[in-house]
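Going down the list, the protein sequences come from chains L and E.
Following the numbering used here, the numbering of the first sequence begins with 18 at its first residue and continues without gaps.
Following the numbering used here, the numbering of the second sequence begins with 2 at its first residue and continues without gaps.
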Amino acid sequence: MTREGMTRELRSLVVINGGIGDPSSSRRLADKIARDTVAQLAARNVDASIRAIDLGPLAGEIAHAIVSGFPAGALLDAISELARADGVIVATPVYKAGISGLFKSFIDILDDDLLVATPVVLTATAGTARHALVVDDQLRPLFAYMRALSVPTSLFAAPEDWADPSLSRRSRRAAMELAALVAGRVGASMAEAGWDGYQHSFGSQAVHRGVQIDGDVVDLDTDLMRRATGGI
Amino acid sequence: MQFGVFSVSDITADPTTGRTPSEAERIDAVVRIAQKTEEVGLDVFAIGEHHNPPFFSSSPTTLLAHIAALTSRIILSTSVTLITTNDPVRIAEEYAMAQHLAKGRLDLTLGRGNTVPVYPWFGQDIRQGLPLALDNYNLLHRLWREDVVDWEGQFRSALQGFTSTPRPLDDVPPFVWHGSIRTPETAEQAAYYGNGFFANNLFAPNGHFARLVHFYRERFEHYGHGTKEQAIVGLGGQAFISKRSQDAFDTFRPYFDAAPVYDHSVPLERWAEASPLSVGSPQQVIDKTLEFREFFGDYQRQLWIMDHSGMPLEMVLDQLDLLGAEVVPVLRKEMAARRAPGVAEAPTHASLVRARYGDGEVRQPRPNANRGDNVTGTSPYRDSDPARPAVYPVLR
């Protein structure tokens, strides 16, 4: 993945949509932020592509991956795309006072280091405003565990919010935060400076400096590796 | 290229009859399976190590020594020997002894094992599983190569002037494979010592273990044991064969359904397509096995599980007939034709003796006389290197 263009730079934004309707209000909210982010990046002379990962069509593969431990097929491609994202916008519906099980299952099968220092906007949609805290109560700790770089503004949309201009203002604000992190390469420079300081596992799909972590970049400078070669 | 079978030694009810064989019946059956492995022209029989029901194989060297006496050609091996919970001193002694009785037809595969509760049964801590495995092999390696070993490690009592007996046959240790499915440190250790690397090649998508195998190959070359194409790689697999493909699926399905190791949210047909599980006609099993080479490169040993999940002995013996008559001869020919020049041969005792001595005299260790206190002086064997004397604790 080229991160430094010749004249203008190209960054990739990935939407993860846990909504299953068509049209899905979760997807609609994420797309709105994605478009705002592209506009914000354009103002900074940065071009961006948007790719959406809809989890509904991947539901079977996600369930198999949970049980077998091995993602396959289109799911593997989606994870690979996500691993290379410069910025991510996640959107989940709220079911039974919590994030969607499908969305959580998708996150559960990701390698722990897949989103290290990746800027993320957190959003949720629900049928009632009473679920408004689900984003900050559930998504924020989840992405803290993933050591992602969640932006300060999270978005929540109940039905009445779609008619409220403040939703657009919040969307632009979150987009501004994401664009600042993506254009400034904040997460990328963190990963470059401190990649070895995070825990990684062999075979992870995580991407570092455009390179998937592979056999030839296994950290050999560890106590266990010294022990493997006759040391104590 | 060596072909053979490996067994995990499970004692499982036959799902088609509900009958569970006794331990006595299953132990006799496995001995018969090992003999049959030789009769049908295969090269290797390997048995696992477990310390809990429903498995019987707690003492692989006892079983393998018995099989050695009943066979004359096949190599006996393990799948795996637990390098974590066994004292490496006992591994050195038991496998050297079995190697003598098998006249060199013995090697072993070391692994950490995946049964969590086994660690405390043998006084170990699973949280230390990996450093324990690495440390134990470092000691085992020396015990088989140095007449007298002084050792201090993190996990077992220190050794002073210790000699593991008997010395390996012809003073050439049994060949060691390191088995792993996800641990680069294990691959690194195999590469560092120039040992073999074995991936069980089960229960995961096709080619899933290739990255680890390629890491081992690169490190093998890095340590100067040869090119990465010359590294020694073994693969597992599981096969069920019938003359007609659909018969294989129909007959195997109840055993597959009863096997707890497969994710049953995925149908058998998809497992057979997307994972190394080979089910079908001889030609289908041949085609699938030839695919392994595309993922992993030319390799030296192919083992299949053939007796899993309650299959009755007669069925396993029929399977071995098909494997030996219709699958392996074709694979030998096809793989030889595709093999890149310079790829290593599968190691045998004879090839290791030749590598060590060439045409020279083969060392036969002869101990010095007992001094009367069960230690034998500064040189335990008549030809031990006098430059490396034993340092014994003071006897009072």
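For each residue, glycine too, the CB sits at the ideal point set by N, CA and C.
Contact annotation: in the stretch 207 to 235 of chain E, residues whose CB is within less than 8 Å of a CB in chain L are His209, Arg212, Leu213, His215, Phe216, Glu219.
Apart from sequence neighbours up to five positions away, the residues of its chain that approach Ala146/L with a beta-carbon distance below 6 Å are Ala175, ordered along the chain. Taken in chain order, the complete beta strand (DSSP E) segments of 3 or more residues contained in the stretch 39 to 73 of chain L are 63 to 71.
Excluding sequence positions up to five before and after Asp39/L, its CB lies less than 7 Å from no other CB in the same chain. With a cutoff of 9 Å on beta-carbon distance, Phe163/E and Val177/E are scored as not near each other.
In the DSSP assignment, Gln36/E falls within the unbroken alpha helix (DSSP H) covering 24 to 40. Around the beta carbon of Phe123/E, fewer than 16 other beta carbons lie within 10 angstroms, which makes this residue exposed.
In its chain, beyond the 5 residues on either side, Ser165 have a beta carbon closer than 6 Å to the beta carbon of Glu94/E. Straight-line spacing of the CA atoms in His209/E and Ala275/E works out to 10 Å.
Secondary structure at Thr110/E: strand, using DSSP grouped into helix, strand and coil. Listed in chain order, the non-local C-beta contacts of Gln125/E below 7 Å within the same chain comprise Thr85, Thr86, Leu133, local neighbours out to five positions each way being set aside. For Ala69/E, the CB contacts under 8 Å within the same chain, skipping 5 residues up- and downstream, are Leu77, Ala99, Leu102, Ala103, Lys104, Arg106, Leu107 in chain order.
A Cβ of chain E is located within less than 9 Å of the beta carbon of Ile249/L.
Counting only Cβ-Cβ distances below 9 Å, Val84/L has contacts in chain E at Asp264, His265, Ser266, Val267, in chain order. Around the beta carbon of Ala65/L, 16 or more other beta carbons lie within 10 angstroms, which makes this residue buried.
At least one C-beta of chain E is nearer than 9 Å to the C-beta of Ser218/L.
For Ser185/L, the enclosing alpha helix (DSSP H) stretches over residues 182 to 200. Taking C-beta separations shorter than 7 Å and ignoring five residues to either side along the sequence, the partners of Arg157/E in its chain run Asp88, following chain order. Per DSSP, the unbroken alpha helix (DSSP H) holding Leu71/E starts and ends at 61 to 71. The C-alpha of Arg389/E is placed about 51 Å away from the C-alpha of Phe87/L.
Collapsing the DSSP output to three states places Ile48/E in a strand.
The beta carbon of Thr85/E sits no closer than 9 Å to any beta carbon of chain L. Interface flag for Ala275/E against chain L is set, since a Cβ pair is found closer than 9 Å.
Going by DSSP, Arg333/E is part of no beta strand (DSSP E) but of the alpha helix (DSSP H) stretching over 329 to 339. Among the residues of chain L, those whose CB is under 7 Å from the CB of Glu186/E are Leu241, Met242, Ala245, following chain order. Among the residues facing chain L, Asn139/E is included, as its CB has a counterpart in that chain under 9 Å away. Taking Lys49/L as reference, the option from Ala210/L, Ile249/L, Ser167/L, Ser188/L with the minimal CA-CA separation is Ser188/L. Against chain L, a Cβ distance below 7 Å from Gln155/E picks out Ile249.
Identification of chain L residues near Pro132/E by a Cβ-Cβ cut-off of 7 Å yields Leu241, Arg244, ordered along the chain. Ranked by Cα distance from Arg202/L, the options Gly104/L, Arg190/L, Leu241/L are led by Gly104/L. Within the same chain, and ignoring the five residues on either side of Leu144/E in sequence, the residues whose Cβ sits closer than 8 Å to its Cβ are Pro89, Val90, Ala93, Val150, Phe163, Ser165.
In the three-state reduction of the DSSP assignment, Trp178/E falls in the strand class, which pools E and B. Non-local beta-carbon contacts of Val117/E in its own chain, meaning distances under 7 Å to residues more than five positions away in sequence, involve Ile127 in chain order. Counting along the chain, the unbroken beta strand (DSSP E) around Ala200/E starts and ends at 197 to 200. Residue-level contact check: Phe123/L does not touch chain E, since none of the beta carbons of chain E fall below 9 Å from its beta carbon.
If you look at Tyr112/L, you'll find it in the beta strand (DSSP E) that goes 104 to 112.
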